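Working notes for the structure below.
Numbering (our numbering), first residue to last: 27 to 426.
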């Protein structure tokens, strides 16, 4: 599965319609049905025991919400729909689903004439009950900038009701959430706070920021009935792939030479603990043979804290950081073999000497590399280093 930008998601939607001949109203039906099924599976018991408040915009996200409302009405009469936006600005598919829904229930209210938090809260609160479930289908991936009225007040009403006990399910993205790679675009925005987010086609950019967990709640991915492989083939994502990698089990008769070799290069006066933690993590995952190239002064520390690791001290004397001169010793003594995976960066610091060491190291060794911590900090600020690793497929980065 690929991680999607807002643009990627729109391209998938357009290609499903233009290239595959699937009508937008069908996609909307599939999306709404998937959201309904997620809600039903999570709640588990009879839907008659719950009170549903569905907030719908006039765009396609709102259209998905109208489908959800219709599906819920087949199971319970406890469904109230609030439309947020100008009734003259429905998208074509959204309007179709609105008209279908309006033949099934009279409990549909337009909120565009009610401006201001207090009036909105008072109006919506009359429909609030024990076991209230809110479906947020106001805005999806098209959000840019800060929310404006009346949507801003509606978002505040939803969040207030959540604080009073309601559970919130957001369709595709919580209203107000900006799907962006730029942390500044995502953080600090006023958004619906969700308990569950049912997002379409794949995980969106920005959803991986740890700060977003309290906004997104539990994330469920809906592929609208299509396989992940099929959707991935529709776009040339410039983001990343989520790889379904299964770590093989160790064979009973295996030994350390058949379970991988990892060499760690890291540590400094200031941050030696980072290297120790990384080495312990590798040991716990089952790596067969682990060695650590360390500054001379830390050799005894490695032997004391991780005795199962081969410690290789550099002739660095009392020096507290790596330096360019260490490369020649590593090369001359063949400390890194072709089959070794190299983890570099833990506790290195961003000292100028370390920058020189890293530049020479990356230019010399073509092993599979795991770049972590300070290695990434240094590379992020050095165009020449970025050019060195550009295009290499044997590099794993572990930003945190």
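C-beta: ideal position from N, C-alpha, C; glycine also. Predicted model, so just to flag it, every value in this text is computed and none were measured.
Helix, strand or coil for residue 339, going by three-state DSSP, please let me know.
strand
For the alpha helix (DSSP H) that residue 186 lies in, which residues bound it at each end?
177-189
Under the three-state reduction of DSSP, which class applies to residue 331: helix, strand or coil?
helix
Look up residue 297 in the DSSP assignment and say whether it is helix, strand or coil.
coil
Extent of the continuous alpha helix (DSSP H) to which residue 399 belongs:
399-405
In or out: residue 90 buried (at least 16 other Cβ within 10 Å) or exposed?
buried
Shortest alpha-carbon distance to residue 382 belongs to which of 103, 333, 352?
352
Three or more C-beta pairs below 8 Å linking the region 161-174 and the region 124-134
no
Using beta-carbon positions only, say whether residue 371 and residue 299 come within less than 9 Å of one another.
no
According to DSSP, simplified to helix, strand and coil, what is residue 150?
helix
Roughly how many whole angstroms lie between the Cα atoms of residue 393 and residue 354?
17 Å
Are the CB atoms of residue 386 and residue 410 nearer to each other than 9 Å?
no
Could you give the residue range of the alpha helix (DSSP H) that holds residue 278?
Element bounds for residue 278: n/a, residue is neither H nor E.
If you draw a straight line from the alpha carbon of residue 233 to that of residue 246, how long is it in whole angstroms?
12 Å
DSSP state of residue 163 mapped onto helix, strand, coil:
strand
If I measure Cβ to Cβ from residue 309 and keep anything under 8 Å in the same chain, skipping five residues before and after, which residues do I get?
316, 332, 334, 335
Can you have a look at residue 175 and say buried or exposed, based on whether 16 or more other CB atoms are within 10 angstroms of its CB?
exposed
Just mark residue 198 as buried or exposed, buried being the case when its beta carbon has 16 or more other beta carbons within 10 Å.
buried
Where does residue 62 sit, in a helix, a strand or coil, going by DSSP?
helix
Close beta carbons around residue 306, own chain, < 8 Å, minus the five adjacent residues each side
332
Inspect the beta-carbon positions of residue 77 and residue 154 and report whether they are closer than 9 Å.
yes
Kindly indicate the opening and closing residues of the beta strand (DSSP E) around residue 193.
193-197
Who pairs with residue 245 in a beta bridge, going by DSSP?
223
Pull up the distance between the alpha-carbon of residue 261 and that of residue 222, whole angstroms please.
27 Å
What would DSSP say about residue 95, mapped onto helix, strand or coil?
helix
For residue 77, which beta-bridge partners are listed by DSSP?
158
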